[in-house]
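Below is one structure; the comments refer to it alone.
Protein chains: 2
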Amino acid sequence: MAGSQRREATLTAAAAVFARQGYHGATTERIAQAAGISQPYVVRMFGSKENLFLAVVDGCLEAVLDAFRAALDDGQPGTVASRLGSAYRALATEDGVHLIVMQSYMLGADPVIGPVARDGFTRILHFMVEEAGLSESAAESFLAKGMLINTLLGMRLGDQDDPLAQRFTQTVFGPDPAGPGPTDR
Amino acid sequence: MAGSQRREATLTAAAAVFARQGYHGATTERIAQAAGISQPYVVRMFGSKENLFLAVVDGCLEAVLDAFRAALDDGQPGTVASRLGSAYRALATEDGVHLIVMQSYMLGADPVIGPVARDGFTRILHFMVEEAGLSESAAESFLAKGMLINTLLGMRLGDQDDPLAQRFTQTVFGPDPAGPGPTDR
DNA sequence: GTCTATACCAAGATAGAC
DNA sequence: GTCTATCTTGGTATAGAC
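Chains A and B, in that order, give the protein sequences.
Be aware that the first sequence starts at 1, since it is given in the numbering used here, and climbs by one per residue.
Be aware that the second sequence starts at 1001, since it is given in the numbering used here, and climbs by one per residue.
Listed below in structure tokens is the structure:
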């Protein structure tokens, strides 16, 4: 397999593992298994586990911003916020973009991952108000709902056997004209 | 030092470490240092790192619910949501209750921590609608803002050297009559 | 109740062959 | 481009003394 293609496949596999286990919980061995290659080769390709994680996070950030930009130009009806919400929903994939980003956010105290996480969030923030034209208040609501979605995904609230929890999950992820919707569950 | 007192002190130290590093990132050695005792003794007291984490999470959940219950009866002016928000704000301590809870939420895929995290969130949800009397929609807004706050705390957005990010942080944490406010930063 | 010493294992990284 | 073998470290847990 060609280098760049192998690299892509490994990034995808790594994303899925990092999404579930978090940075520290994930092992390069598990990532290697998911990618169908040997553990040392994973390390070899990216230099270190940390570098690999940063590459994954960067890819997710770009994916989110690309999806948002596309949503601004898609000529669909609805408010900007609702179109961005749909884009966020459509972004749902098995490799769990939302969870990767969230995992990086929870590592703000890490000297190397922390700054990257803050930069990424800041870029999204700037996109919201400068490119999408949302008010800062609207951006706050949008991002709050996004964080709620990410959190429910992370904890897998849908697995909870409780009527209220079930209904709540449905409501949050269900078609909602004013915010991000369902993702990868 | 008496057993129960030592236990409490260790739980507090562990909370601070788990809040910053997450479950997998934290080490019992670091917790021991923070508590001023030896690493094996930390393990001895709680049986395992996992048990210790579960004890910390449980303590945080109780702290949140206690604070919320107290806020319902405090006779302060304002809506229920704003009083709960103030309680959330007042809960701010060095040991980072908000981050502990959030770290547990991101471990939903873990076979033992996952169920505990879901149960905890479900209890808060039930409190909101059954004891506090919030509509499910109001509970969603409240929790969304709470998750945004937790996320900003986790990534330490306040450290970001960017005007918009700074302003956003201030807005989210600042006195807001309709949601949770500043916590431990 | 608390420590020191240590066993034991998992995991990231390196060396070097093919 | 990819593997096997292995080094090394760090981290949880146990044993046992004081």
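In this text, a Cβ means the ideal position worked out from N, Cα and C, and glycines have one as well.
Nothing here was measured: the structure is a model prediction, and the numbers come from that model.
Distance CB(residue i)-CB(residue j) smaller than 8 Å
i, j, result
"B:Ala1055", "B:Ala1034", "no"
"B:Ala1070", "B:Leu1084", "no"
"A:Gly22", "B:Gly1022", "yes"
"A:Arg118", "B:Asp1159", "yes"
"A:Gly114", "B:Arg1156", "yes"
"B:Thr1171", "A:Glu140", "yes"
"A:Met106", "B:Met1102", "yes"
"B:Leu1099", "B:Ala1063", "no"
Distance between beta carbons of residue j and residue i, contact taken as under 8 Å
i, j, result
"B:Ala1081", "B:Ala1138", "6 Å"
"A:Val116", "A:Ser104", "7 Å"
"A:Phe127", "A:Leu65", "6 Å"
Residue i: contacting residues in chain A (beta-carbon distance under 8 Å)
i, result
"B:Arg1020", "Ala109"
"B:Phe1127", "Near B:Phe1127 there are no residues of chain A at all, since even the closest Cβ is about 11 Å away, more than 8 Å."
"B:Ala1168", "According to the sequence as given, residue 1168 of chain B is Phe; it is not Ala. Residues of chain A passing the Cβ test: Leu125, Glu136, Ala139, Glu140."
Alpha-carbon spacing of residue i relative to residue j, whole angstroms
i, j, result
"A:Glu50", "B:Leu1153", "22 Å"
"A:Asp95", "A:Val42", "17 Å"
"B:Gln1076", "B:Phe1173", "20 Å"
"A:Glu130", "A:Ala19", "29 Å"
"A:Ala67", "A:Arg123", "14 Å"
"A:Ala26", "A:Thr93", "19 Å"
"B:Asp1161", "A:Tyr88", "27 Å"
"B:Arg1007", "B:His1024", "21 Å"
"B:Gln1005", "B:Phe1121", "28 Å"
"B:Gly1003", "A:Gln166", "41 Å"
"B:Leu1125", "A:Thr151", "14 Å"
"B:Pro1111", "A:Thr10", "26 Å"
"A:Phe142", "B:Gly1036", "43 Å"
"B:Thr1012", "B:Met1045", "14 Å"
"A:Leu169", "A:Pro40", "The residue asked about is misnamed: residue 169 of chain A is Thr in this sequence, not Leu. Taking the straight line from one Cα to the other gives about 40 Å."
"A:Ala178", "B:Ile1149", "Note that A:Ala178 has pLDDT 49, beneath the 50 cutoff, so the model's placement of it is unreliable and no number is given."
Interface residues of chain B facing residue i [CB-CB closer than 8 Å]
i, result
"A:Gln103", "Met1106"
"A:Arg156", "Gly1108, Ala1109, Gly1114, Arg1118"
Cross-chain neighbours of residue i in chain B, by beta carbon under 7 Å
i, result
"A:Thr151", "Tyr1105, Met1147"
"A:Val172", "Glu1140"
Residues that residue i contacts on chain A, provided the C-beta gap is smaller than 9 Å
i, result
"B:His1024", "Gln21, Gly22, Tyr23, His24, Gly25, Ala26"
"B:Gly1085", "Under the 9 Å cutoff, chain A gives no residues; its nearest Cβ is about 13 Å from B:Gly1085."
Residue i beta carbon near the ligand ZN (any heavy atom closer than 7 Å)
i, result
"B:Ile1149", "In terms of ligand content, the structure shown is empty, and the ligand ZN therefore cannot be addressed."
Chain-ordered chain A contacts of residue i [CB-CB under 7 Å]
i, result
"B:Phe1121", "Met155, Leu157"
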